[in-house]
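**Q**
In my numbering, the protein residues as written are 49 to 184.
(1) For residue 148, count neighbouring C-beta atoms within 10 Å of its own C-beta (all shown protein chains included) and say buried if the count is 16 or more, exposed if not.
(2) If you measure between the beta carbons of residue 133 and residue 98, is that distance less than 8 Å?
(3) DSSP three-state label for residue 181, please.
(4) To the nearest angstrom, how far is it from the Cα of residue 93 to the Cα of residue 124?
(5) Can you tell me the Cα-Cα spacing of residue 155 and residue 130, whole angstroms?
(6) Can you tell me which of the three DSSP states residue 81 falls into?
(7) Just to confirm, is the Cβ distance from residue 77 to residue 100 under 8 Å?
(8) Give the straight-line distance between the Cα atoms of residue 54 and residue 136, rounded to the nearest whole angstrom.
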């Protein structure tokens, strides 16, 4: 069954257009997540859009900022940034990433208070946090 944009809540479509999604991406997002889940993701955790091919951290971060998530230390942002760094390194054949390499990878992204990020993750037992990230 093919998704038809005329059958989708027009307010949702306008909101997705406002964060920079064209019609093709709107269709992909709603087909992948469903209409209700897309609304929830848009308002609660736009970083989840990274589950789709073609939406990397920088774009998801821009969307999150447009949706009001502006704190660079927001846990949703930190999780997304770690996931992005880990997934990016899989293209080099890595199946894990030592903490020092993860820190180095994160320093090459948008400005982030990495010392705060790693202090927070250290106190929350970074190994268990990193293992929770799922690859699809």
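The beta-carbon is built from N, C-alpha and C at its ideal position, and this holds for glycine as well.
**A** Looking at the coordinates:
(1) Counting from one through the chain shown, the residue named residue 148 turns up at place 100. The residue is exposed, with fewer than 16 neighbouring Cβ atoms inside 10 Å.
(2) Position 85 of the chain shown, counted from the first residue, corresponds to residue 133. Position 50 of the chain shown, counted from the first residue, corresponds to residue 98. The answer is no: Cβ separation not under 8 Å.
(3) The count along the chain shown starts at 1 and reaches residue 181 at position 133. Confidence at residue 181 is low in this model, with a pLDDT of 40, below 50, so the placement of that residue is unreliable and no value is reported for it.
(4) In the chain shown, residue 93 corresponds to position 45, counting from 1. In the chain shown, residue 124 corresponds to position 76, counting from 1. C-alpha of residue 93 to C-alpha of residue 124: approximately 7 Å in a straight line.
(5) Start at 1 with the first residue of the chain shown, and residue 155 comes out as number 107. Start at 1 with the first residue of the chain shown, and residue 130 comes out as number 82. Between residue 155 and residue 130, the C-alpha separation is close to 11 Å.
(6) Translated into positions along the chain shown, residue 81 becomes position 33. It is helical.
(7) Here residue 77 refers to the residue found at position 29 of the chain shown. Here residue 100 refers to the residue found at position 52 of the chain shown. Pairing residue 77 with residue 100 gives a Cβ-Cβ distance under 8 Å.
(8) Numbered from its first residue, the chain shown carries residue 54 at position 6. Numbered from its first residue, the chain shown carries residue 136 at position 88. Using only the alpha carbons, I get a separation of about 36 Å.
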